[in-house]
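Colleague: Below you'll find the structure I mean.
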Amino acid sequence: MSTPSIPNTPLLRAENIVKRFGGIAALDDVRIELHKGRVHALMGENGAGKSTLGKIISGIYKADEGQVFFEERPVQIENTRDASSLGISIVLQEFNLVGRLSVAENLFLNDPAYCRGGLMDFSKMYEDSHSLLKLFDMDRMVHPRQKVEALSVAEMQIVEILKAVKRNSRVMIFDEPTAALSQAEAKKLFSIINDLKSQGVAIAIVSHRIEEIYQIADTVTVLRDGKQMIDGAKLSDINENQLVSAMVGREIVDLYGARSSAVPDEAPVILETRNISDKKGRVKGVSFSLKKGEILGITGLVGAGRSELIRCVFGADAANGEVYVNGRRINRLGVRSSIANRISMAPEDRKRDGLLLPISILRNMTMVKVGFERNIAPNQKVERKLSASLVEKLQIKLNDMNSPILSLSGGNQQKVMLAKWLMMNPEILIVDEPTRGIDISAKSEIYSILNKLADEGVSILMVSSEMPEIIGMCDRILVMRDGRIVKELKRHEASEEAIAYSAMMG
Amino acid sequence: MKDGEKLNFIRENFRWGFKNYTTEFSMLVIFIVFFAIMSFAAAPYFSRVNNILNVISQIAVTAIIAIGQTYVIITAGIDLSVGSILALSGMLGGMTLFYQQNIFVAMAVAILTAAAAGLFNGLLVGVAKIPAFIVTLGTMGIASSLTYVISNGNSYAQFPKVYSALGNDALFGVPYYLILVILLFVIGSFVLVKTKLGRMLYAIGSNEEAVRLSGVNVKLYIVLPYVITGFLTGIAAIVNSSRLMAVDPTMGKDLQMDTLAAVVIGGTSLAGGRGSLFGTAIGVLLIGFLRNSLNLLGVNPFWQGTAVGGVIIVAVLAERLRTLRQER
Numbered sequence: 017m018s019t020p021s022i023p024n025t026p027l028l029r030a031e032n033i034v035k036r037f038g039g040i041a042a043l044d045d046v047r048i049e050l051h052k053g054r055v056h057a058l059m060g061e062n063g064a065g066k067s068t069l070g071k072i073i074s075g076i077y078k079a080d081e082g083q084v085f086f087e088e089r090p091v092q093i094e095n096t097r098d099a100s101s102l103g104i105s106i107v108l109q110e111f112n113l114v115g116r117l118s119v120a121e122n123l124f125l126n127d128p129a130y131c132r133g134g135l136m137d138f139s140k141m142y143e144d145s146h147s148l149l150k151l152f153d154m155d156r157m158v159h160p161r162q163k164v165e166a167l168s169v170a171e172m173q174i175v176e177i178l179k180a181v182k183r184n185s186r187v188m189i190f191d192e193p194t195a196a197l198s199q200a201e202a203k204k205l206f207s208i209i210n211d212l213k214s215q216g217v218a219i220a221i222v223s224h225r226i227e228e229i230y231q232i233a234d235t236v237t238v239l240r241d242g243k244q245m246i247d248g249a250k251l252s253d254i255n256e257n258q259l260v261s262a263m264v265g266r267e268i269v270d271l272y273g274a275r276s277s278a279v280p281d282e283a284p285v286i287l288e289t290r291n292i293s294d295k296k297g298r299v300k301g302v303s304f305s306l307k308k309g310e311i312l313g314i315t316g317l318v319g320a321g322r323s324e325l326i327r328c329v330f331g332a333d334a335a336n337g338e339v340y341v342n343g344r345r346i347n348r349l350g351v352r353s354s355i356a357n358r359i360s361m362a363p364e365d366r367k368r369d370g371l372l373l374p375i376s377i378l379r380n381m382t383m384v385k386v387g388f389e390r391n392i393a394p395n396q397k398v399e400r401k402l403s404a405s406l407v408e409k410l411q412i413k414l415n416d417m418n419s420p421i422l423s424l425s426g427g428n429q430q431k432v433m434l435a436k437w438l439m440m441n442p443e444i445l446i447v448d449e450p451t452r453g454i455d456i457s458a459k460s461e462i463y464s465i466l467n468k469l470a471d472e473g474v475s476i477l478m479v480s481s482e483m484p485e486i487i488g489m490c491d492r493i494l495v496m497r498d499g500r501i502v503k504e505l506k507r508h509e510a511s512e513e514a515i516a517y518s519a520m521m522g
Numbered sequence: 327m328k329d330g331e332k333l334n335f336i337r338e339n340f341r342w343g344f345k346n347y348t349t350e351f352s353m354l355v356i357f358i359v360f361f362a363i364m365s366f367a368a369a370p371y372f373s374r375v376n377n378i379l380n381v382i383s384q385i386a387v388t389a390i391i392a393i394g395q396t397y398v399i400i401t402a403g404i405d406l407s408v409g410s411i412l413a414l415s416g417m418l419g420g421m422t423l424f425y426q427q428n429i430f431v432a433m434a435v436a437i438l439t440a441a442a443a444g445l446f447n448g449l450l451v452g453v454a455k456i457p458a459f460i461v462t463l464g465t466m467g468i469a470s471s472l473t474y475v476i477s478n479g480n481s482y483a484q485f486p487k488v489y490s491a492l493g494n495d496a497l498f499g500v501p502y503y504l505i506l507v508i509l510l511f512v513i514g515s516f517v518l519v520k521t522k523l524g525r526m527l528y529a530i531g532s533n534e535e536a537v538r539l540s541g542v543n544v545k546l547y548i549v550l551p552y553v554i555t556g557f558l559t560g561i562a563a564i565v566n567s568s569r570l571m572a573v574d575p576t577m578g579k580d581l582q583m584d585t586l587a588a589v590v591i592g593g594t595s596l597a598g599g600r601g602s603l604f605g606t607a608i609g610v611l612l613i614g615f616l617r618n619s620l621n622l623l624g625v626n627p628f629w630q631g632t633a634v635g636g637v638i639i640v641a642v643l644a645e646r647l648r649t650l651r652q653e654r
């Protein structure tokens with residue numbers, strides 16, 4: 017192809033970027049180039065500085081040193097307004113949505129085109145929202161008038177993406193856009209990104225998912241601890257192992273690890289459900305069983321009812337149907353009776369459903385135990401001792417158990433969430449997206465914790481939308497679609513194709 | 327633990343004890359500075375024992391109720407009805423005393439009335455899930471109006487002489503109500519720091535859904551602080567009528583503002599999840615001595631509201647600036 021239409025000079029170039037937080041250099045002399053009509057991957061573990069770099073380009077942070085060039089002219093990006101006047105926009109990992117407002121209002125909140133003489137043009141807003149949602153085939157699931165707070169995490173992520181798409185930006189930065197998406201939704205996102213690319217938009221995608229980077233990106237920058245490891249190399253010149261070792265500084269041999277022995281077929285059934293349905297019609301009469309020491313995966317597209325199902329089983333939401341533990345029926349489904357029957361659940365959204373943000377790590381960890389026991393005054397010595405032993409067992413990295421939970425990294429917060437439930441010595445552990453938003457080494461630690469628990473005889477029910485994780489970890493996999501289980505796969509039968517087929521067609 | 331380790335542990339414990347209560351300690355410093363300045367500005371009356379006891383007698387009622395208000399605000403709630411509940415329960419207790427001349431029946435009536443009103447608030451907030459602001463605003467109107475209906479706008483006095491003991495007598499020079507206030511603060515702090523109830527109040531104020539998913543009976547722990555506030559308001563009503571040896575329907579009109587101000591000045595977050603009675607105690611003292619010093623300096627009493635309101639806003643602003651600086 018002889019297409020000189022794509023010039024060789026970058027649309028946006030950042031040189032010698034340094035950014036410090038406190039005394040720590042989050043970025044140490046880093047450079048990046050974004051070209052028209054190209055997708056550039058920005059990779060690294062959590063804390064490597066990849067999001068920070070994206071935020072500097074889009075004006076959310078201000079660099080301490082360095083220079084940004086736009087069309088080879090030096091520019092000052094002091095804040096997001098400067099960035100958006102240059103046509104740079106970013107899709108953040110943390111949602112910037114107003115929960116009480118509708119989808120349409122969130123999409124067009126600040127858009128003068130929908131405001132005539134001080135009055136909002138709602139019908140135009142709804143129409144245009146509808147066509148935006150159509151890009152993701154979401155127009156039938158989400159109505160523009162729906163309140164954002166009622167959406168699932170994935171749906172919110174899509175609204176956030178659409179906000180940037182509709183702005184017709186020249187440079188778009190996506191910060192972990194697929195973290196909350198199912199495989200099918202990620203595919204749609206990639207086709208949208210490809211459209212934007214062919215329209216000449218310069219795109220940067222921050223990610224630590226290697227498979228998807230090879231699907232979508234042309235070039236790659238890798239950061240580790242704020243330092244540049246790979247500078248804008250072509251992905252076709254680099255293989256996966258080289259990428260991983262650039263990111264982590266070592267090669268992770270087997271991410272998922274292994275268990276000491278397989279679960280025998282005649283292992284006793286610990287948990288059984290019959291005809292579980294929720295009140296909103298998202299779970300429709302589901303029955304399954306979980307054996308002792310087994311890791312059972314539940315997967316499916318977003319909206320298939322995975323999280324809803326396990327929330328029903330755990331008693332977090334009102335449900336109809338029967339749950340049996342060790343052959344005995346739980347009479348009144350509810351969180352307390354689940355805990356009494358030694359079921360634990362680490363929910364999907366840490367910040368919303370798990371963490372007590374202003375409160376210390378220690379108090380977070382002992383929350384369930386203190387809440388469940390009938391002691392009027394909790395024994396703080398015992399609490400400290402139990403917590404310390406779990407910190408050791410799960411290798412949680414912290415300086416002080418009395419410091420606020422927010423001082424921890426995502427991976428360690430996740431471990432605290434697990435510790436809080438492991439303190440109850442569960443027989444059955446339900447984990448919902450246990451590795452969402454945490455980096456590769458923390459992931460592999462979580463996997464080895466889960467494997468160890470299963471070896472100790474704990475039965476684990478794991479919901480995940482990451483297929484490699486489900487296939488790598490689970491003895492059996494249940495695929496859900498539209499509120500029902502449509503397929504059961506043994507470990508040796510499982511492949512991404514088989515799961516995707518059932519999830520979409522089953 | 328080895329000695330060195332233990333020392334380190336104590337040091338760390340102290341460091342965090344301090345770090346978690348920075349607002350409280352800075353308010354303490356402000357209070358001490360204020361007190362020192364006033365000792366000169368309003369010398370010699372201000373720092374005399376008589377004046378201090380006078381201030382304490384004025385703030386005892388606020389102090390008792392502020393304990394409950396702190397509990398409520400830690401759960402991210404608010405109680406706007408304390409002043410009206412004090413008036414209603416004080417009036418009912420006072421009228422019982424007037425007609426029956428029986429101290430114990432009268433005290434029981436006051437406390438039960440106030441606790442029942444607190445339960446009413448608590449059930450509507452915790453079980454019916456109506457915002458606390460609305461519920462207690464409604465209760466404020468109802469209780470205040472009922473007070474006038476019952477009393478027909480009249481005051482009542484002529485109580486049995488022995489009833490004045492709590493509000494006017496002293497043990498070795500320490501007034502009984504002061505002993506009561508200190509005792510309630512000690513118990514209140516113990517509950518907050520050491521018990522499951524205290525733990526749950528902070529947890530619910532931080533993230534109610536997370537607490538529910540931890541298997542905790544969240545409704546119970548939302549209802550309780552309102553009942554406790556009601557109960558304490560009943561006790562405060564008794565202290566109040568014992569001190570004045572009379573009841574009238576306008577009692578408690580500044581209490582909403584003063585208890586909220588004390589709690590907020592003391593560093594308890596209106597967003598819930600953090601706060602302490604240590605801070606609240608300083609808040610109560612600061613407001614009490616502020617009003618007192620304005621009197622001593624001969625400032626027109628109409629200015630007092632401006633002063634207290636201004637202190638609330640400055641305190642919250644200072645807190646806001648501090649968190650803003652941390653976020654950067």
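The listed protein sequences correspond, in order, to chains A and B. Numbered according to the numbering used here, the first sequence spans residues 17 to 522. Numbered according to the numbering used here, the second sequence spans residues 327 to 654. All C-beta atoms in this analysis are idealised placements derived from N, C-alpha and C, irrespective of residue type, glycine included. Nothing here was measured: the structure is a model prediction, and the numbers come from that model.
1) Using a Cβ-Cβ distance cut-off of 9 angstroms, determine whether A42 (chain A) contacts chain B.
2) Given this structure, state the Cα-to-Cα distance separating Y340 (chain A) from M478 (chain A), to the nearest angstrom.
3) Can you pull the chain B residues whose beta carbon is under 9 angstroms from the beta carbon of P394 (chain A), in chain order?
4) Taking its Cβ as the centre, do 16 or more other Cβ atoms sit within 10 Å of W629 (chain B), making it buried, or is it exposed?
5) Pick from A:G248, A:K243, A:V238, A:Q244: whose alpha carbon is nearest that of N257 (chain A)?
6) Using a Cβ-Cβ cut-off of less than 7 angstroms, give me the residues of the region 593-609 of chain B that come near chain A, in sequence order.
7) What span of residues does the alpha helix (DSSP H) with N380 (chain A) cover, start to end?
8) Using a Cβ-Cβ cutoff of less than 8 angstroms, which residues in the same chain neighbour M417 (chain A) once the five nearest sequence positions on both sides are dropped?
9) Just the C-alpha distance for R161 (chain A) and L509 (chain B), rounded to the nearest angstrom, thanks.
10) Who are K163 (chain A)'s beta bridge partners in DSSP?
11) Look up V264 (chain A) in the DSSP assignment and give the residues it is bridged to.
12) Alpha carbon to alpha carbon, how far is G426 (chain A) from K459 (chain A)?
13) Skipping 5 residues on each side, what residues in its chain have a beta carbon closer than 6 angstroms to that of L445 (chain A)?
14) Going by alpha carbons, who is nearest to D333 (chain A) out of B:T521, B:A389, B:E535?
15) Can you tell me where the alpha helix (DSSP H) holding Y528 (chain B) begins and where it ends?
16) Here's the rule: buried if 16 or more other CB atoms are within 10 angstroms of the residue's CB, otherwise exposed. What is R654 (chain B)?
17) Just verifying my parser: in three-state terms, what is the DSSP assignment at R654 (chain B)?
18) Among the candidates B:P501, B:I548, B:F351, whose CA atom is the shortest distance from the CA of G599 (chain B)?
19) Can you list, in chain order, the residues of its chain whose CB lies under 7 angstroms from that of A562 (chain B), leaving out five sequence neighbours each side?
20) Closer than 9 angstroms, CB to CB, is E449 (chain A) near chain B or not?
21) Can you give me the C-alpha to C-alpha distance between S21 (chain A) and R648 (chain B), rounded to a whole angstrom?
22) The beta strand (DSSP E) that contains A441 (chain B), what's its start and end?
23) My guess is that S105 (chain A) and A180 (chain A) are in contact by the Cβ rule of under 8 angstroms, so how many angstroms apart are they, rounded?
24) For the candidate residues A:R290, A:G488, A:G301, whose alpha-carbon lies nearest to that of R344 (chain A)?
25) Could you spell out the range, first to last residue, of the beta strand (DSSP E) harbouring L113 (chain A)?
26) Beta carbon of V384 (chain A), beta carbon of P394 (chain A): below 9 angstroms?
27) Is the beta carbon of G13 (chain A) less than 9 angstroms from the beta carbon of A470 (chain A)?
28) Have a look at F372 (chain B) and D495 (chain B) and give me their C-alpha separation to the nearest angstrom.
29) Whose C-beta lies closer than 7 angstroms to the C-beta of T25 (chain A) among residues of the same chain, with five residues either side of it excluded?
30) Within a Cβ cutoff of 6 angstroms, which residues of the same chain sit near T19 (chain A), ignoring the five residues on either side of it in sequence?
31) Could you check the C-alpha separation between G297 (chain A) and V318 (chain A) for me, to the nearest Å?
32) Which one of B:L643, B:V573, B:F351 has the shortest CA to CA distance from I476 (chain B)?
33) Please classify R97 (chain A) as buried or exposed, where buried requires at least 16 other C-beta atoms within 10 Å of its C-beta.
34) According to the neighbour-count rule (16 or more other Cβ atoms, all chains shown, within 10 Å of its Cβ), is H508 (chain A) buried or exposed?
35) Put H56 (chain A) into one of helix, strand or coil per three-state DSSP.
36) In angstroms, rounded to a whole number, what distance separates the CA positions of S252 (chain A) and P128 (chain A)?
Modeller: If we stick to the structure as given:
1) Here residue 42 (chain A) refers to the residue found at position 26 when the first sequence is read from its first residue. Chain B places no beta carbon closer than 9 angstroms to that of A42 (chain A), leaving this residue out of the contacts.
2) For this step, residue 340 (chain A) is matched to residue 324 along the first sequence. For this step, residue 478 (chain A) is matched to residue 462 along the first sequence. The straight-line gap from Cα to Cα measures roughly 18 angstroms.
3) Numbered from 1 along the first sequence, position 378 holds the residue referred to as residue 394 (chain A). Those within 9 angstroms of P394 (chain A) in chain B are K520, T521, K522, R525.
4) For the purposes of this step, residue 629 (chain B) is taken as the residue at position 303 of the second sequence. It counts as exposed.
5) On the first sequence, position 241 is the one that residue 257 (chain A) refers to. Selected option, being the one with the closest Cα: A:V238.
6) Going along the region 593-609 of chain B in chain order, one finds G599, R600 with a Cβ nearer than 7 angstroms to chain A.
7) Within the first sequence, numbered from 1, the residue matching residue 380 (chain A) stands at position 364. Where N380 (chain A) is concerned, the enclosing alpha helix (DSSP H) stretches over 377-381.
8) By 1-based counting over the first sequence, the position of residue 417 (chain A) is 401. Taking C-beta separations shorter than 8 angstroms and ignoring five residues to either side along the sequence, the partners of M417 (chain A) in its chain run S376, I377, L378, M381, R400, S403, A404, V407, following chain order.
9) Numbered from its first residue, the first sequence carries residue 161 (chain A) at position 145. Numbered from its first residue, the second sequence carries residue 509 (chain B) at position 183. Roughly 55 angstroms separates the two Cα atoms.
10) For this step, residue 163 (chain A) is matched to residue 147 along the first sequence. Residue pairing of K163 (chain A) in beta bridges, as defined by DSSP: A:S118.
11) As a working mapping, residue 264 (chain A) is identified with position 248 in the first sequence. Within the DSSP secondary-structure output, V264 (chain A) pairs in no beta bridge.
12) Here residue 426 (chain A) refers to the residue found at position 410 when the first sequence is read from its first residue. Here residue 459 (chain A) refers to the residue found at position 443 when the first sequence is read from its first residue. Taking the straight line joining both Cα atoms gives about 10 angstroms.
13) Here residue 445 (chain A) refers to the residue found at position 429 when the first sequence is read from its first residue. Result list for L445 (chain A): S360, V474, I476, in chain order.
14) The residue labelled residue 333 (chain A) in the question sits at position 317 within the first sequence. Considering only alpha carbons, the answer is B:E535.
15) Here residue 528 (chain B) refers to the residue found at position 202 of the second sequence. Following the DSSP letters along the chain, one finds Y528 (chain B) inside the alpha helix (DSSP H) bounded by residues 522-532.
16) Mapped onto the second sequence, residue 654 (chain B) falls at position 328. For R654 (chain B), the pLDDT reaches just 47, beneath the cut-off of 50, and the residue's location in the model is therefore unreliable, leaving the point undetermined.
17) Sequence index remark: in the second sequence, residue 654 (chain B) carries index 328 (1-based). Its pLDDT being 47, under 50, R654 (chain B) is placed unreliably in this model, and the value from its coordinates should be taken loosely. Three-state DSSP puts R654 (chain B) in coil, outside helix and strand.
18) Here residue 599 (chain B) refers to the residue found at position 273 when the second sequence is read from its first residue. Closest option to G599 (chain B), Cα to Cα, is B:I548.
19) Counting from one through the second sequence, the residue named residue 562 (chain B) turns up at place 236. Same-chain partners within the cutoff: V387, I390, I391, L412.
20) Translated into positions along the first sequence, residue 449 (chain A) becomes position 433. Closer than 9 angstroms: no.
21) Within the first sequence, residue 21 (chain A) is the residue found at index 5, counting from 1. Within the second sequence, residue 648 (chain B) is the residue found at index 322, counting from 1. With a pLDDT of 45 at S21 (chain A), under the threshold of 50, the modelled position of that residue is not reliable, and the figure given next carries that caveat. In this structure, the straight-line span from the alpha carbon of S21 (chain A) to that of R648 (chain B) is close to 53 angstroms.
22) As a working mapping, residue 441 (chain B) is identified with position 115 in the second sequence. From DSSP, A441 (chain B) is part of no beta strand (DSSP E) but of the alpha helix (DSSP H) over 429-452.
23) Within the first sequence, the letter at position 89 stands for residue 105 (chain A). Within the first sequence, the letter at position 164 stands for residue 180 (chain A). Indeed they touch by this definition, with Cβ atoms about 5 angstroms apart.
24) Your numbering for residue 344 (chain A) matches position 328 in the first sequence. Selected option, being the one with the closest Cα: A:R290.
25) Along the first sequence, one-based indexing puts residue 113 (chain A) at 97. Going by DSSP, L113 (chain A) is part of no beta strand (DSSP E) at all; its letter is neither H nor E.
26) If you number the first sequence from 1, residue 384 (chain A) lands on position 368. If you number the first sequence from 1, residue 394 (chain A) lands on position 378. In this structure, P394 (chain A) does not lie closer than 9 angstroms to V384 (chain A) by Cβ.
27) Summary: the structure shown does not reach residue 13 (chain A), with chain A confined to residues 17 through 522, and so no result is reported for it.
28) As a working note, residue 372 (chain B) is residue 46 in the second sequence. As a working note, residue 495 (chain B) is residue 169 in the second sequence. When only Cα atoms are considered, F372 (chain B) and D495 (chain B) end up about 22 angstroms apart.
29) As a first step, residue 25 (chain A) must be located in the first sequence, where it is residue number 9. Closer than 7 angstroms at the Cβ level, and outside the excluded window around T25 (chain A), lie E88.
30) Here residue 19 (chain A) refers to the residue found at position 3 when the first sequence is read from its first residue. With a pLDDT of 41 at T19 (chain A), under the threshold of 50, the predicted position of this residue should be treated as unreliable, though the coordinate-derived value follows. Taken in chain order, the list of residues that qualify is empty.
31) For the purposes of this step, residue 297 (chain A) is taken as the residue at position 281 of the first sequence. For the purposes of this step, residue 318 (chain A) is taken as the residue at position 302 of the first sequence. Here the alpha carbons of V318 (chain A) and G297 (chain A) stand approximately 15 angstroms from one another.
32) Working through the second sequence from its first residue, we reach residue 476 (chain B) at position 150. That would be B:V573, whose Cα lies nearest to the Cα of I476 (chain B).
33) Taking the first sequence and counting its residues from 1, one reaches residue 97 (chain A) at position 81. Counting Cβ neighbours within 10 Å, R97 (chain A) comes out exposed, since fewer than 16 surround it.
34) For the purposes of this step, residue 508 (chain A) is taken as the residue at position 492 of the first sequence. Under this definition H508 (chain A) is an exposed residue.
35) Your numbering for residue 56 (chain A) matches position 40 in the first sequence. Three-state result, H56 (chain A): strand.
36) The residue labelled residue 252 (chain A) in the question sits at position 236 within the first sequence. The residue labelled residue 128 (chain A) in the question sits at position 112 within the first sequence. Straight through space, the alpha carbons of P128 (chain A) and S252 (chain A) are spaced by roughly 43 angstroms.
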